[in-house]
Structure formats: C-alpha cells, structure tokens
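Working notes, structure below.
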C-alpha cells in the first residue's frame, strides 16, 4: 500500500492562514502594559501628543529628563539627541522666549522587540505664575517609519513609561492622537510613579 500525502497546495494554504493569524501578535511593537491608547494616522503616520502637568519645577524636570534619557531611559532604549541650542540634550529657550517656553529636547526610542524607532519631542513651558512649582510639558511621539498608520499604542507608551519612571506625580491636561478608550479628553486623574 502507498501512503497518501495531503496535497502540497493544501498544506501551503493552511500554513499561510496560520502565519497570517499569528503574525500580528509576533510583530506588534507595543508590549503591555500602557499599550491601550492606540493611534491610526493622526500625523500622516501614528503619533501621540500629551500636554501634562508634572509636579516639579521646570529646571528640575529638564535635568531629570536629560539624566534619564542620556543613560538610556527606563528601558535602556531611549537615545538623547542634540538640539539646535545644545549638543548635550535639552536646549535652554528661556533667553529667547522667557514668557512662553523654558526648555526643548528630543530623543529616539527603539521598541522592545527592536523592530521600530520613534521620535519624541519635549517642550517644557515657562512657569505658570499661579503654580510655579509645577511644570507644563508637551511631549510628542511619532513613528519614524513611513507607512506606520497604526501604532498599537506604542507612541503613548513611549511617553508614559518615561514620565512614570521620573517619580514625579503628573496629570494629563490634553491629548492628540492617542485618546483614552473612553474618549475622555484631558483632565485625567493625577498619576504617580
């Protein structure tokens, strides 16, 4: 008796279906937690912008970010970039725009699976006279690769993992590109590390 083997085409079709079923889980860049705020194409590609209030003075916040990013950040995959004002991280904008902004910075981040890179931009605003001991900061993360329509929550995670690691309580004031699942815009609970 001859053994009958399933047709090669049928085996290949089954293998292809299995691959397409498993591929999204394997390639997904964002590894939980903090991957629940996804964006699809807000900036032409995926991005996330948060305006946050951090319970620390502006210069202390800048130094904490600079030190963390210069040493790789909380996961070792952040890379501090030079600015037009400084080859060593955050630039001081206070001499140029004292009533508007204090510091500006940039970093790159590589995802946990070392598949994608994202760019983070930081803008620490001038002190609010009503609350000089707190800082308002705009943090923006954007996927570097063209065609990254959706980010699986990675751009939000880039921002929040860094903020949590600093150890200062912070509050989300507003967001763009990474809305909470409930659709709530800003005024989030005060988060602490």
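Numbering (mature numbering (1 follows the signal peptide of the UniProt record, and there is no 0)), first residue to last: -29 to -1, 1 to 164.
We treat Cβ as the ideally placed atom computed from N, Cα and C, and that holds for glycine.
Computed from a predicted structure; not experimentally measured.
Per-residue burial, residue i [other beta carbons within 10 Å of its own, 16 or more giving buried]
i, result
"residue 15", "exposed"
"residue 55", "exposed"
"residue 128", "buried"
"residue 121", "exposed"
Residues sharing a beta bridge with residue i, DSSP
i, result
"residue 195", "Residue 195 lies beyond the residue range present for the chain, which begins at -29 and ends at 164; the question has no answer from this structure."
"residue 135", "Residue 135 pairs with nothing; no bridge assigned."
"residue 106", "25"
"residue 86", "DSSP, once it has assigned bridges, lists no residue as partnering residue 86."
"residue 80", "49 and 89"
"residue 75", "62 and 94"
Beta carbon of residue i nearer than 8 Å to that of residue j
i, j, result
"residue 140", "residue 29", "no"
"residue 199", "residue 149", "Residue 199 cannot be examined here, being either before or after the span of the chain that is shown, -29 to 164."
"residue 78", "residue 49", "yes"
"residue 36", "residue 62", "no"
Under the three-state DSSP convention, the category residue i falls into
i, result
"residue 35", "helix"
"residue 143", "strand"
"residue 61", "coil"
"residue 125", "helix"
"residue 116", "coil"
"residue 95", "strand"
Cα-Cα separation, residue i to residue j
i, j, result
"residue 106", "residue 25", "5 Å"
"residue 2", "residue 58", "32 Å"
"residue 51", "residue 85", "17 Å"
"residue 146", "residue 64", "24 Å"
"residue 90", "residue 27", "24 Å"
C-beta neighbour in chain D for residue i, strict 8 Å
i, result
"residue 103", "Considering every chain present, this structure includes no chain D. It has just one protein chain."
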